[in-house]
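Going by full-length UniProt numbering, the sequence shown opens with residue 1, and the numbers climb by one from there. We treat Cβ as the ideally placed atom computed from N, Cα and C, and that holds for glycine. Here is the structure we will look at.
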Amino acid sequence: MAVPMPDGSALRLPLRDYGGVAVTGLIVNQASFAVLRRIAGWMAEAARPLGAEVVCGLPTLGHALAPLVAEALGHPNWVAAGYSRKRWYEEGLSVPVSSSTTPGERRMWLAPRILSRLEGRRVLLVDDVISTGSSALAGLALLRRVGVRPVGLCVAMAQGDRWVPSWPADVPVCAAFATPLLRPGEGGWVPDAATVPGVLLPG
Numbered sequence: 001m002a003v004p005m006p007d008g009s010a011l012r013l014p015l016r017d018y019g020g021v022a023v024t025g026l027i028v029n030q031a032s033f034a035v036l037r038r039i040a041g042w043m044a045e046a047a048r049p050l051g052a053e054v055v056c057g058l059p060t061l062g063h064a065l066a067p068l069v070a071e072a073l074g075h076p077n078w079v080a081a082g083y084s085r086k087r088w089y090e091e092g093l094s095v096p097v098s099s100s101t102t103p104g105e106r107r108m109w110l111a112p113r114i115l116s117r118l119e120g121r122r123v124l125l126v127d128d129v130i131s132t133g134s135s136a137l138a139g140l141a142l143l144r145r146v147g148v149r150p151v152g153l154c155v156a157m158a159q160g161d162r163w164v165p166s167w168p169a170d171v172p173v174c175a176a177f178a179t180p181l182l183r184p185g186e187g188g189w190v191p192d193a194a195t196v197p198g199v200l201l202p203g
């Protein structure tokens, strides 16, 4: 499926068939450096009005974009939440998480040594895609463990509107681009325009 980009170009993305619905797929660590840089630039443009002071990237694919977004916003560094626990990590700085693309449950962690980058700062969560919202909601819960309410979530692609009902209204979502869900139709999948989520976009 050819998905329009903010500069008028199009990114050809595969469709993932879930039976009664299909979605556009995006695996950012399979994209070229040029595509990654452009997407991260659009993400930063969409997020700039939120006035973030630090970026917290969600694992795993959010880590491909978070440092680029942070750099584009003029930040000197970023914070990486992760699925891997080091020996000195604290149980209280973790939350359970599951996602639409990864079966099973695991835990997301923050390193205690970098909490000073988050405390009292305007934090922007960054991930690759928001689909059902489960990973991003876990990110909110993790930041809540350290007393942080982020100024927003920024993703490369907002994938349909399945995440909207459970997402808190006080945390805006911005994206490089947004795509609808697709429904079965004559001759194949048909985009359902009503499911394009209302997110902050560049421009």
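Backbone CA spacing between residue i and residue j [nearest angstrom]
i: residue 216; j: Gly-82; result: Since the first residue shown for the chain is 1 and the last is 203, residue 216 is missing from the structure and cannot be characterised.
i: Leu-93; j: Asp-127; result: 19 Å
i: Glu-91; j: Ala-46; result: 34 Å
i: Arg-149; j: Thr-132; result: 20 Å
i: Ile-39; j: Ala-22; result: 23 Å
i: Gly-160; j: Ala-111; result: 32 Å
i: Arg-144; j: Leu-181; result: 31 Å
i: Met-1; j: Leu-118; result: 38 Å
i: Gly-104; j: Ala-70; result: 30 Å
i: Val-28; j: Gly-41; result: 14 Å
i: Leu-153; j: Pro-202; result: 14 Å
i: Ile-114; j: Arg-16; result: 37 Å
Reduced DSSP secondary structure (H/G/I, E/B, other) of residue i
i: Ile-27; result: coil
i: Gly-8; result: coil
i: Gly-62; result: helix
i: Val-69; result: helix
i: Arg-117; result: helix
i: Leu-13; result: coil
i: Gly-82; result: strand
i: Ala-169; result: coil
i: Pro-197; result: coil
Continuous beta strand (DSSP E) stretch holding residue i: start and end
i: Ala-2; result: 2-4
i: Leu-181; result: 181-185
i: Arg-106; result: 106-109
i: Leu-153; result: 152-159
i: Ser-94; result: 94-97
Host alpha helix (DSSP H) of residue i (start-end)
i: Val-35; result: 33-47
i: Gly-57; result: No alpha helix (DSSP H) contains Gly-57, which is instead part of the beta strand (DSSP E) from 54-57.
i: Ser-134; result: 134-144
Cβ pair residue i, residue j closer than 9 Å
i: Leu-68; j: Arg-37; result: yes
i: Met-43; j: Val-155; result: yes
i: Leu-142; j: Met-108; result: yes
i: Cys-56; j: Trp-78; result: yes
i: Val-199; j: Ala-169; result: no
i: Leu-50; j: Arg-122; result: yes
i: Val-164; j: Pro-191; result: no
ask   = Is the stretch 4-14 in contact with the stretch 175-182, if contact means three or more CB pairs nearer than 8 Å?
value = Flag = yes, the stretch 4-14 and the stretch 175-182 touch.
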